Amino acid sequence: MTTTIEVDNVSKEFKLHHGRHQSLKERILHPGAGTVEKFSALENVSFSVQEGETVGLVGHNGSGKSTLLKTICGVLQPTSGQIRVRGSLAALLELGAGFQPELTGRENVYLYGSMLGFSRKMVDVIFDDIVAFSEIEQFIDTQVKFYSSGMYVRLAFAVAVNVNPDTLVVDEVLAVGDERFQAKCIDRIRRFQEEGRSILLVTHNADQVRQLCQRAVVLDGGKMIADGPTQESLRIFREHLLEDAATHETIESSANIQVTSVTTPSGTFDVRSGSGMHFDVSVASETAFSGNFVIELFTRSGLLVSRSDAQASPVNLRPGVNTIGVDVAQLPLLAGIYDLNVGVVDSRGSTVVAWSEKAASLEVTYDGRESGIVEIGATIHQD
Amino acid sequence: MNQPASASSERRSLADAPIRVVSHRASLLTRLKNLWGRRELLVSLTASDIKIKYKNSTLGFFWSMLSPALTLGIYFMVFGVVLKSGIPNFALYLFSGLVVWNLFQTSVNTATGVIVDRAGLVKKVSFPREILALSNVGAGVVYFCSQMLVLTVVLLAMRHQPAWGFMWLLPLSFVSLYLITASVAVLMSGITVYMRDMKHLMEVALMLWFWLTPVVYSYSNSMAAQLKSHGLLAIYFFNPITWIVLTFQRIFYVTQVAVSPKTTTMIHVLPNWPLSTYVEMNVALLGFSIILFFVAESLFGRLEVNFESEL
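One line per chain: the protein sequences are P and H, in this order.
Our numbering puts the last residue of the first sequence at 388; the count rises by one with no breaks.
Our numbering puts the last residue of the second sequence at 843; the count rises by one with no breaks.
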């Protein structure tokens, strides 16, 4: 196994200038004006990505993940520490940053390719694939300034994935394009995985990480707080968000609420597909609190099966231990193991107050012959 | 490793792939190596610079010859006809110096603001940043070549023999010109990030610089005696572009002493130095410009570190 990206004890400090003047006149007139504050964006971060691995880099806004990404791509130099990247690396950072609006799509493909470090010959070979993937055949010889933003991004994404880098760095870009194009991008990323290339996926979307990554690294305030299997890292990530919420919002700090247990009357979580099920969630609260209750169901591969409406299941917690019952009339799931997350959010459904990741695992048995996740029970007719 | 056969058969082993190291500051040698490794990007950027410049204009690339020709026409009218410089074949004299100056001036002028102008790219994509400035110099070289072509045509039309014995100094002189232009361009593009005034200051500085270079006047005829009497000769020759201009003029204009057609007096158009002086001058200049380029590169490396937060 070869290491493709090795981040070795990397720190990055920024100097923040307050009110410093940028023109020569102002600098001469006020030489000492402005103060410089040092801001540490990354502190001693170390991790590595192996060949064929897909690693998620998660953290909320301002956690330093974009800074780390930029240092990995070589746009920023770390203040101390070192990053070693083996083989070619293509970054889907701000798609289309290298595009020249005055040039045509075709000219931009070659220019962007060479910016990513690929020769004209290499781009020649994959040019047709790029155009086909981007779906803008008839506009390829049009100046890029006439493109719609969707076309712009599609072309940039098509170049970055089709140059077949050893490592692909993806930053929040899966949010672009329509749903169909997004699905196509995810497919392309899956093919990348199958080909044994490495991917570093940077996002604050936990669902995406669950879906695509085997491992996740969590950053918070420039420090690395977790590096491990996706489920475990995401649990730490969520708990950290809760702690932050508790310190930031005064309403929440008074409400010390915890999910203590999830139980079923029978004591097991084995269910038959199509049957009903009931389980009880014990929530301990120090004070009275009105909010909403949320459940999430995931497949083992990290696909979100269902998330309940976080604004339409109100619960009124009393001080002490509350029991909340959850009923499912008919479970439409097919055979498999499903992970259950439960939690309490505030009345607006925007802030998580208590959360239990992987509170229980359902084991669903199914006698029919349909396969997949959900039974839709299609019947076939012929006239 | 569980790769599907189709993919693995085409891919080289990753274990043999080169490692790129990102650390605080790269050494000059690593920087130069990186630069050389990305020469193809330099070519593409240069090509796109030229394409963008002439896109949507009817005459297109023809402007790269037309606009220097018009400038030449203006200088010819002002200095040759109105002020009566008295230099015979004045257009040719102008042309042989102007090709040198045009390369230097257009490159430095465009490169000065290039990193600020392309901040979006600099903050997002990794490549040696000086390539942006070098691509402007590259475009300047392309225009230089097209002007040289015109110069050749003019020489042929006038049946004017260049100084063949000096011709081999031309590539030497050109390399120095390229390196000096590149050094100034790279350095200015970096400094402008920290001091945005540089762009305006540079325009004025270049104008002053132009008049300190013997392009529209003759150094030997109008400057040499004055400078010598004031002891300013050494300062005048601080300007390396002067050395290159004098070499170009010696090669293409050739005539050192001529009889002015209007006043019928003898004028020294070019200094009457022997070949050996030009050789010494150009060898020294080449050494100087190589050192200058290294200095510019390493200074740029220091400037580059904080681009992200300054842009």
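For every residue, glycine included, the Cβ atom is placed at its ideal position computed from N, Cα and C.
Computed from a predicted structure; not experimentally measured.
Leaving out five residues before and five after residue i in sequence, what residues of the same chain have Cβ atoms less than 8 Å from its Cβ?
{"i": "LEU835 (chain H)", "result": "GLY722, ILE723, VAL725 and TYR726"}
{"i": "THR265 (chain P)", "result": "SER287, VAL288, ALA289 and VAL326"}
{"i": "MET855 (chain H)", "result": "With chain H represented from 533 up to 843, any question about residue 855 (chain H) goes unanswered, as that position is not in the structure."}
{"i": "ILE647 (chain H)", "result": "VAL654, ARG661, LEU664, ALA665, SER721, GLY722, THR724, VAL725, PHE839 and LEU843"}
I need the straight-line Cα distance from residue i to residue j, nearest angstrom please.
{"i": "VAL837 (chain H)", "j": "SER821 (chain H)", "result": "25 Å"}
{"i": "GLU257 (chain P)", "j": "ASP212 (chain P)", "result": "Note that GLU257 (chain P) has pLDDT 42, beneath the 50 cutoff, so the model's placement of it is unreliable and the number below is only indicative. Rounded to the nearest angstrom, the two C-alpha atoms are 25 Å apart."}
{"i": "LEU76 (chain P)", "j": "SER68 (chain P)", "result": "Going by the sequence as given, residue 76 (chain P) is Thr instead of Leu. Whole-angstrom Cα-Cα distance: 14 Å."}
{"i": "GLY569 (chain H)", "j": "HIS762 (chain H)", "result": "49 Å"}
{"i": "ASP388 (chain P)", "j": "ILE381 (chain P)", "result": "22 Å"}
{"i": "GLY605 (chain H)", "j": "GLU572 (chain H)", "result": "37 Å"}
{"i": "SER576 (chain H)", "j": "SER119 (chain P)", "result": "7 Å"}
{"i": "ALA165 (chain P)", "j": "VAL149 (chain P)", "result": "17 Å"}
{"i": "SER667 (chain H)", "j": "VAL815 (chain H)", "result": "26 Å"}
{"i": "GLU18 (chain P)", "j": "LEU738 (chain H)", "result": "37 Å"}
{"i": "GLN198 (chain P)", "j": "LEU94 (chain P)", "result": "15 Å"}
{"i": "THR252 (chain P)", "j": "LEU160 (chain P)", "result": "Low confidence applies to THR252 (chain P): its pLDDT is 46, below 50, so where it sits in the model is not reliable, and the reading given next is rough at best. Going by the C-alpha atoms only, they are around 43 Å apart."}
{"i": "ALA665 (chain H)", "j": "SER830 (chain H)", "result": "15 Å"}
{"i": "ALA188 (chain P)", "j": "ARG195 (chain P)", "result": "11 Å"}
{"i": "ARG193 (chain P)", "j": "ASN169 (chain P)", "result": "11 Å"}
{"i": "PHE294 (chain P)", "j": "ASP351 (chain P)", "result": "9 Å"}
{"i": "THR370 (chain P)", "j": "ARG661 (chain H)", "result": "60 Å"}
{"i": "VAL657 (chain H)", "j": "ARG563 (chain H)", "result": "17 Å"}
{"i": "THR292 (chain P)", "j": "PRO106 (chain P)", "result": "59 Å"}
{"i": "ILE582 (chain H)", "j": "ASN621 (chain H)", "result": "32 Å"}
{"i": "GLY201 (chain P)", "j": "SER278 (chain P)", "result": "36 Å"}
{"i": "GLY233 (chain P)", "j": "TYR157 (chain P)", "result": "36 Å"}
{"i": "ASN321 (chain P)", "j": "THR269 (chain P)", "result": "22 Å"}
{"i": "VAL222 (chain P)", "j": "LEU173 (chain P)", "result": "16 Å"}
{"i": "SER678 (chain H)", "j": "LEU598 (chain H)", "result": "10 Å"}
{"i": "VAL682 (chain H)", "j": "ALA695 (chain H)", "result": "18 Å"}
{"i": "VAL357 (chain P)", "j": "ASN261 (chain P)", "result": "12 Å"}
{"i": "LEU116 (chain P)", "j": "ASP171 (chain P)", "result": "20 Å"}
Among residues of its own chain, excluding the 5 on either side of residue i, which ones have a beta-carbon nearer than 6 Å to its beta-carbon?
{"i": "ARG312 (chain P)", "result": "GLU301"}
{"i": "THR255 (chain P)", "result": "The predicted model places THR255 (chain P) with a pLDDT of 37, which falls under 50 and marks its position as unreliable; any figure quoted below should be read in that light. Within the same chain, THR255 (chain P) has no close Cβ partners at all."}
{"i": "LYS334 (chain P)", "result": "The displayed chain sequence assigns Ala, not Lys, to residue 334 (chain P). So the list reads GLY281, once near-sequence residues are dropped."}
{"i": "ALA365 (chain P)", "result": "VAL267, PHE274 and LEU345"}
{"i": "ASN767 (chain H)", "result": "The question names Asn, yet the displayed sequence has Ile at residue 767 (chain H). Nothing meets the Cβ criterion."}
{"i": "VAL718 (chain H)", "result": "GLU662, ALA665, ALA828 and PHE832"}
{"i": "GLY330 (chain P)", "result": "ASP285"}
{"i": "ALA96 (chain P)", "result": "CYS78 and VAL174"}
Measure the beta-carbon distance from residue i to residue j and round it to whole angstroms, keeping in mind my assumption that it falls under 8 Å.
{"i": "PHE608 (chain H)", "j": "ASN634 (chain H)", "result": "At roughly 15 Å, the Cβ-Cβ gap does not stay under 8 Å, so PHE608 (chain H) and ASN634 (chain H) are not in contact."}
{"i": "THR779 (chain H)", "j": "VAL801 (chain H)", "result": "Not a contact, Cβ separation roughly 14 Å."}
{"i": "PRO746 (chain H)", "j": "THR774 (chain H)", "result": "6 Å"}
{"i": "PHE627 (chain H)", "j": "LEU709 (chain H)", "result": "At roughly 16 Å, the Cβ-Cβ gap does not stay under 8 Å, so PHE627 (chain H) and LEU709 (chain H) are not in contact."}
Looking at the secondary structure, which residues open and close the alpha helix (DSSP H) in which residue i lies?
{"i": "THR1 (chain P)", "result": "The displayed coordinates of chain P run from 6 to 388. Any statement about residue 1 (chain P) would go beyond what the structure contains."}
{"i": "HIS800 (chain H)", "result": "Premise fails: HIS800 (chain H) lies in the beta strand (DSSP E), 798-800, not in any alpha helix (DSSP H)."}
{"i": "LYS731 (chain H)", "result": "730-743"}
{"i": "VAL648 (chain H)", "result": "646-649"}
{"i": "VAL276 (chain P)", "result": "Unbroken run through VAL276 (chain P) is the beta strand (DSSP E), 275-277; no alpha helix (DSSP H)."}
{"i": "GLN781 (chain H)", "result": "772-784"}
{"i": "LEU835 (chain H)", "result": "807-836"}
With residue i as the anchor, note down where its beta strand (DSSP E) starts and where it stops.
{"i": "GLY296 (chain P)", "result": "294-304"}
{"i": "PRO319 (chain P)", "result": "319-322"}
{"i": "GLU368 (chain P)", "result": "357-370"}
{"i": "ASN346 (chain P)", "result": "341-351"}
{"i": "PRO660 (chain H)", "result": "Taken as a continuous stretch (DSSP letters only), PRO660 (chain H) belongs to no beta strand (DSSP E), as it is neither H nor E."}
{"i": "ALA96 (chain P)", "result": "94-97"}
{"i": "VAL207 (chain P)", "result": "203-208"}
Can you find the residues in the same chain that come closer than 7 Å, C-beta to C-beta, to residue i, ignoring five residues on each side of it along the sequence?
{"i": "LEU711 (chain H)", "result": "SER821, ILE822, LEU824 and PHE825"}
{"i": "TYR810 (chain H)", "result": "PHE698, LEU701, THR779 and ARG782"}
{"i": "THR147 (chain P)", "result": "THR109 and GLY110"}
{"i": "PHE594 (chain H)", "result": "none"}
{"i": "SER596 (chain H)", "result": "TYR675 and SER678"}
If the cut is a Cβ gap below 8 Å, which residues of chain A does residue i touch?
{"i": "ALA651 (chain H)", "result": "No chain A appears in the structure shown, which is made up of the protein chains P and H."}
contact_flag[the segment 111-121 of chain P, the segment 74-90 of chain P] where n(CB pairs < 8 Å) is 3 or more: no
Could you say if the segment 308-323 of chain P and the segment 361-368 of chain P meet the contact criterion of at least three C-beta pairs nearer than 8 Å? no
Mind the definition here: the segment 346-355 of chain P touches the segment 289-309 of chain P only if three or more C-beta pairs lie below 8 Å; say whether that holds. yes
Within the chosen definition, does the segment 191-209 of chain P reach the segment 43-63 of chain P through at least 3 CB pairs nearer than 8 Å? yes
Using 8 Å as the Cβ pair cut-off and three pairs as the minimum, do the segment 575-595 of chain H and the segment 612-623 of chain H touch? no
Decide yes or no for the touch test of the segment 669-683 of chain H against the segment 637-645 of chain H: beta carbon pairs closer than 8 Å, at least 3 of them. yes
Would you call the segment 223-236 of chain P and the segment 44-57 of chain P in contact, with 3 or more CB pairs under 8 Å? yes
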